[in-house]
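Chains as they are written, first to last, in the working numbering: chain A, 1 to 359; chain B, 360 to 460. Heads up, the beta-carbon is just placed ideally off N, CA and C, and yes, glycines get one too. The next block holds one structure in the form of structure tokens; read it before the comments.
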Amino acid sequence: MSSLLHFSGHQHFRHRLVLSILSGRHVRVDKIRSDDKNPGLRDFEISLLRLLEKVTNGTVIEISVTGTAILLKPGIISGGAVTHDCPLSRSIGYFLEPVAMLAPFAKTPMQLTLRGITTDENDLSVDLFRTVTLSHLQLFGISDGLELRIKKRGAPPEGGGEAQFLCPIVKQVKTLNFVEPGKVKRIRGVAHAVRVNPQFSNRMIESSRSILNRYIPDIYLYSDVYKGDESGKSPGYALSLLAETTTSAIYCSEAISKAGVAPEDIGLEAARGLMAEVNLGGCVDRKHQILVLLMMVLGSEDVGRCRMSEPTPRTIQFLRDIKQFFGTSFKIVPAEHGSTQLLYSCYGTGYVNANRTLA
Amino acid sequence: AQTSLASSRKSRRKDWTKLIYATDLTPEEILRDTDREASDAKDAMDMDEEDFFQIKSRADNGEEVLDRSKEVWSAEELKKWEDEEMLESIRHLFITGEDNP
Chain A
1 MSSLLHFSGH
11 QHFRHRLVLS
21 ILSGRHVRVD
31 KIRSDDKNPG
41 LRDFEISLLR
51 LLEKVTNGTV
61 IEISVTGTAI
71 LLKPGIISGG
81 AVTHDCPLSR
91 SIGYFLEPVA
101 MLAPFAKTPM
111 QLTLRGITTD
121 ENDLSVDLFR
131 TVTLSHLQLF
141 GISDGLELRI
151 KKRGAPPEGG
161 GEAQFLCPIV
171 KQVKTLNFVE
181 PGKVKRIRGV
191 AHAVRVNPQF
201 SNRMIESSRS
211 ILNRYIPDIY
221 LYSDVYKGDE
231 SGKSPGYALS
241 LLAETTTSAI
251 YCSEAISKAG
261 VAPEDIGLEA
271 ARGLMAEVNL
281 GGCVDRKHQI
291 LVLLMMVLGS
301 EDVGRCRMSE
311 PTPRTIQFLR
321 DIKQFFGTSF
331 KIVPAEHGST
341 QLLYSCYGTG
351 YVNANRTLA
Chain B
360 AQTSLASSRK
370 SRRKDWTKLI
380 YATDLTPEEI
390 LRDTDREASD
400 AKDAMDMDEE
410 DFFQIKSRAD
420 NGEEVLDRSK
430 EVWSAEELKK
440 WEDEEMLESI
450 RHLFITGEDN
460 P
């Protein structure tokens, strides 16, 4: 089973490392930006490799002299208390996402402290991770003691934020059967503003309400205040929104401060983004397709089903890679006649957490 | 609304399982299929200018494709939601809306 898998290019780096560690298969990635003026791995990718070394035991990573090829021989997922300083080139979300896929299968519960940028435009912010990603893990029975504590905020470019991720371990994940999207019953949101006028939070909330109020009365947008040392090193503000349906499907969006853009416009951008996500529909939003599909593959030996919108380019590559690592392919059919939504189903591999210490 | 109807009809015919597992198309090519009209015109133009030598991928353009998990909406996509009618069109997706739009 541990035959070597071979990939090329820097894209999809994170999920290939995750799949390697979960499946125990060795992975070789070459041609990493080999045609680039500045070839090889970036600092955040090296940092991710270091982090994966910390949360595992016995992992061997070989990086070629030019940095354009790596070989990963995964060890076991050890978990436990780990602290990691993230480079300022990517936010904490870049590192949290792959760890969240591994942590439930660790030997001991993970207590991971990450320092760096807590919100940026590329990866899930700590707010979305806390309110949305963790809810998705709960769908699979990963819930007791699952938590993300946002200790300090850190806006780009200087960061200075800190978050602690606590994740329980499981023996096996539950089979998912989530095909009924339901209707949106409530909207929640978190606004924060650090090292700028604290009124900015309220201004974002007010403007987003001008769009959201028409639909439902159950809207609660919270202004999260961080002061002094807890507010990081750079000024910034953002609004993250989520809409929850009667069947607990969650759609989310986020907008982040940009130079020369008023807080009101950030609020509107977040609200419009949320409407676009609601319109796409399904039971899982696009940002979490990969996480949910992975957990479905790892589920017990039964057919898991989930209704989602069309796959993103990342998801398509992920589905192909999953087939290589686990031999599992999904059946993807239209959810119903005339719908753009799709029904994804697969037969779980019955993945068992072999690292778990027996109580 | 016309174009979105057309594209949804196309995607209905799309065999996702086959496209993903049994073809060599890149993820972008699979998705581009959905709005062929738009890309066809562009492809035709590319073909005209096509020479024996082809510029090698986008690696040279400096800007690389980031491994990012937040799918961003384009400015046009967001602009759509400034429209009152568009906002009303998704009312049925909320508990306060009618069952049939």
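Check the C-beta distance from proline 109 of chain A over to serine 234 of chain A and give it rounded, since I have them as a contact under 8 angstroms.
Contact doesn't hold; Cβ gap of about 32 angstroms is too wide.
Can you give the beta carbon distance from leucine 51 of chain A to phenylalanine 95 of chain A, rounded, assuming they're within the 8 angstroms contact cut?
6 angstroms
Using a 10 Å radius around the Cβ and a threshold of 16 neighbouring Cβ atoms, would you call leucine 425 of chain B buried or exposed?
exposed
Under 7 angstroms by beta carbon: chain A residues contacting glutamate 430 of chain B
Arg286, Lys287 and Thr312
Roughly how many whole angstroms lie between the Cα atoms of leucine 176 of chain A and alanine 81 of chain A?
30 angstroms
Could you tell me if proline 217 of chain A is buried or exposed, where buried requires 16 or more neighbouring beta carbons within 10 angstroms of its beta carbon?
exposed
Can you confirm whether serine 184 of chain A, when its beta carbon is compared against all beta carbons of chain B, has any partner nearer than 8 angstroms?
Here residue 184 of chain A is valine; the residue named in the question, serine, does not match the sequence. Taking Cβ atoms only, chain B reaches closer than 8 angstroms to valine 184 of chain A, which makes this a yes.
Roughly how many angstroms separate the alpha carbons of arginine 417 of chain B and threonine 66 of chain A, rounded to a whole number?
Annotation note: pLDDT 46 at arginine 417 of chain B (below 50); position unreliable, no value reported.
Hey, is tyrosine 347 of chain A's beta-carbon within less than 8 angstroms of any beta-carbon in chain B?
no
Within the region 130 to 158 of chain A, ranges of the beta strand (DSSP E) (whole runs, at least 3 residues)
147 to 152
Rounding to the nearest angstrom, what Cα-Cα distance links glutamate 180 of chain A and histidine 337 of chain A in this structure?
15 angstroms
Rank A:Gln289, A:Ser240 and A:Gly40 by C-alpha distance to the C-alpha of lysine 31 of chain A and give the top, closest one.
A:Gly40
Runs of alpha helix (DSSP H) lying entirely within the region 213 to 273 of chain A, each at least 4 residues, in chain order
none
State the Cα-Cα distance for the pair glutamate 244 of chain A and isoleucine 250 of chain A, rounded to the nearest angstrom.
5 angstroms
Alpha carbon to alpha carbon, how far is proline 241 of chain A from leucine 446 of chain B?
Reading the sequence as shown, one finds leucine at residue 241 of chain A and not proline. Computed Cα separation, rounded: 17 angstroms.
Beta-carbon proximity check, valine 295 of chain A vs phenylalanine 140 of chain A, cutoff 8 angstroms:
This sequence places methionine at residue 295 of chain A; valine is not what is there. Going by C-beta atoms, methionine 295 of chain A is nearer than 8 angstroms to phenylalanine 140 of chain A.
Consult DSSP for phenylalanine 453 of chain B and reduce its assignment to one of helix, strand or coil.
strand
Might you give, ordered along the chain, the residues of its own chain that have their beta carbon closer than 6 angstroms to the beta carbon of methionine 204 of chain A, omitting 5 neighbours on each side?
Ala191, Leu239, Pro263, Ile266 and Gly267
Run through the DSSP bridge pairs and tell me what isoleucine 70 of chain A is partnered with.
A:Val29 and A:Ile63
Residue range of the alpha helix (DSSP H) that includes tyrosine 380 of chain B:
375 to 381
Continuous alpha helix (DSSP H) stretch holding isoleucine 316 of chain A: start and end:
313 to 326
Identify every residue that forms a DSSP beta bridge with alanine 165 of chain A.
The question names alanine, yet the displayed sequence has phenylalanine at residue 165 of chain A. DSSP output for phenylalanine 165 of chain A lists A:Leu112 and A:Leu148 as bridge partner(s).
Could you tell me which of A:Lys331, A:Arg314, A:Thr349 and A:Gly348 sits nearest to arginine 14 of chain A, measuring between CA atoms?
A:Arg314
Tyrosine 351 of chain A and leucine 298 of chain A - do their beta-carbons sit closer together than 8 angstroms?
yes
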